[in-house]
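Accompanying notes for the structure given below.
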Amino acid sequence: MPSNQTPPNDPVPPSRGKMAERLLPGGTEPDPRFTLANERTFLAWIRTALALLAGGIAIEAFTSDLFLEPVRKSLAVLLLLLGMLLSAGAAGRWIRVERSMRNKTPLPLPLIVPLLAGAGALAAAVVLVFILWR
Amino acid sequence: MVRTRLPDPGPHGDPGLQPERTTLAWGRTMMALVTVSAIFLRWLPHHGFPILLLFAVSAAAAAAIYLTQRRRYGASARGISRERVDADTSAVLWTAFAGVALGALGIGVVLAG
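Residue numbers (the working numbering), protein chains in the order written: chain C, 1 to 134; chain Y, 1001 to 1113.
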C-alpha cells in the first residue's frame, strides 16, 4: 500500500486534546447527550457555590451590628470554605462521572451532596445557638 | 480580539435541544457571576480595596464565558450531529478554579478585615 494513501475506512482516532487524554483516559466516547448533561450538572453546582461565596462576603459585611464578631467571621468563613470545596468538588465529580461514562461503569455517588447538607446544617446550627443564647 | 466568522453549525436535529440547554446553563452561570461581582462591589466600602480582587476574578470569568458562548454552541450542535462531543475539560477546570480562587480570596478578606 502506498504510504501517502490512507484507506477510506481507517478509524483515525480523533485527538481530544492533551488535558482530556490525561484526565479522561481510555474507554469509549459516551453518548454526547450524557456529556452535555454532565456539564450542566457541574454548572448547577458551580452556581450553588457562587451563591455561598456571595453569601459569605455579604454576611461578614451586613450583619456587623447583629452578630458578634467571632460568630460573624466564623459563619462567613464557613460559607466561603463551603463554596470553595463545592467548586473543587464539582470539578472532581464531573471528572469521575465522565470517566465512568467512558468506561461504562456505574456512576459514582456524589460526595458533595453530604458535604453541602452537613455544612448547611452546621451554619444553621451556629445561627440557632447564637439566637437562643443571645 | 479578532472576530472570526464561525461556520454555521446547521440544524442538529436533537429533539431534546441539548446544545441549547447547555449553552443556556453556561449563560445562567455567567449571569450568576455578574450578580456575584456586583455583590462584591456593593461591599467595597466595608471590605475595602482587596474586594476588588474578587470582583476582578468573577468579572473575568463572566467575560470568558460570554466570549466563548458562540463557539460552545457550535461545537455542541456539530457534536450532536456527528454523535460525538468532546468533554470540555479546560472550561470545567477554569470555572472550578475561579470558584476556588474566589473562596480563598474571600477568606483572606474576611480574616484580614
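C-beta: ideal position from N, C-alpha, C; glycine also.
Whole angstroms is fine: what's the gap from Y:VAL1057's alpha carbon to Y:GLY1027's?
-> Straight-line Cα distance between these residues: approximately 17 Å.
Label Y:PRO1011 either buried or exposed according to how many other C-beta atoms from any shown protein chain fall within 10 Å of its C-beta, with 16 as the threshold for buried.
-> It counts as exposed.
Within 7 Å (strictly less), CB to CB, does Y:LEU1094 reach chain C?
-> Looking at the sequence provided, one finds Trp at residue 1094 of chain Y rather than Leu. Taking CB atoms only, Y:TRP1094 has no neighbour in chain C less than 7 Å away.
Does the segment 62-75 of chain C touch the segment 112-129 of chain C, meaning 3 or more C-beta pairs lie closer than 8 Å?
-> For the pair of segments examined, the segment 112-129 of chain C was found to touch the segment 62-75 of chain C: the number of CB pairs separated by less than 8 Å reaches three.
Cβ neighbours of C:PRO7 in the same chain (closer than 7 Å, five flanking residues each side left out) | Reliability fails at C:PRO7, whose pLDDT of 46 lies under 50, so the model's placement of it is uncertain and the value that follows must be treated cautiously. Hits under 7 Å: none found.
Closer than 7 Å at the beta carbon, the chain Y residues around C:LYS104 | When 7 Å is used as the limit between beta carbons, C:LYS104 is near no residue of chain Y, the shortest such separation being about 15 Å.
Secondary structure at C:THR28, three-state DSSP: helix, strand or coil?
-> Three-state result, C:THR28: coil.
Could you spell out the range, first to last residue, of the alpha helix (DSSP H) harbouring Y:LEU1111?
-> Run containing Y:LEU1111: 1089-1112, per the alpha helix (DSSP H) assignment.
Does C:GLU69 come within less than 7 Å of chain Y when only Cβ atoms are used?
-> Judged by the 7 Å Cβ criterion, C:GLU69 is not in contact with chain Y.
Using a Cβ cut-off of 7 Å, which residues of the segment 73-90 of chain C contact any Cβ in chain Y, in chain order?
-> With the criterion set as a beta carbon lying under 7 Å from some beta carbon of chain Y, the members of the segment 73-90 of chain C are LYS73, ALA76, VAL77, LEU80, LEU81, GLY83, MET84, SER87, ALA88, ALA90, in sequence order.
What residues from the segment 45-62 of chain C come within 7 Å of chain Y, judged by C-beta to C-beta, listed N to C?
-> Across the segment 45-62 of chain C, CB contacts with chain Y closer than 7 Å involve ILE46, ARG47, ALA49, LEU50, LEU53, ALA54, GLY56, ILE57, ALA58, GLU60, ALA61, in sequence order along the chain.
Consult DSSP for C:GLU21 and reduce its assignment to one of helix, strand or coil.
-> In the three-state reduction of the DSSP assignment, C:GLU21 falls in the helix class.
At least one CB of chain C closer than 7 Å to the CB of Y:THR1023: is that the case?
-> No, Y:THR1023 lies away from the interface with chain C (no Cβ there is under 7 Å from its Cβ).
What residue range is occupied by the uninterrupted alpha helix (DSSP H) comprising C:LYS73?
-> C:LYS73 -> alpha helix (DSSP H) spans 69-102.
Confirm, please, whether the CB-CB distance from Y:VAL1100 to C:MET84 is below 7 Å.
-> Inclusion of C:MET84 and Y:VAL1100 in the CB contact set at 7 Å is warranted, their separation being smaller than that value.
Which value, in whole angstroms, describes the spacing of the CA atoms of Y:LEU1052 and C:LEU53?
-> Rounded to the nearest angstrom, the two C-alpha atoms are 15 Å apart.
Hey, is Y:VAL1057's beta-carbon within less than 7 Å of any beta-carbon in chain C?
-> No, Y:VAL1057 does not count as interfacial toward chain C.
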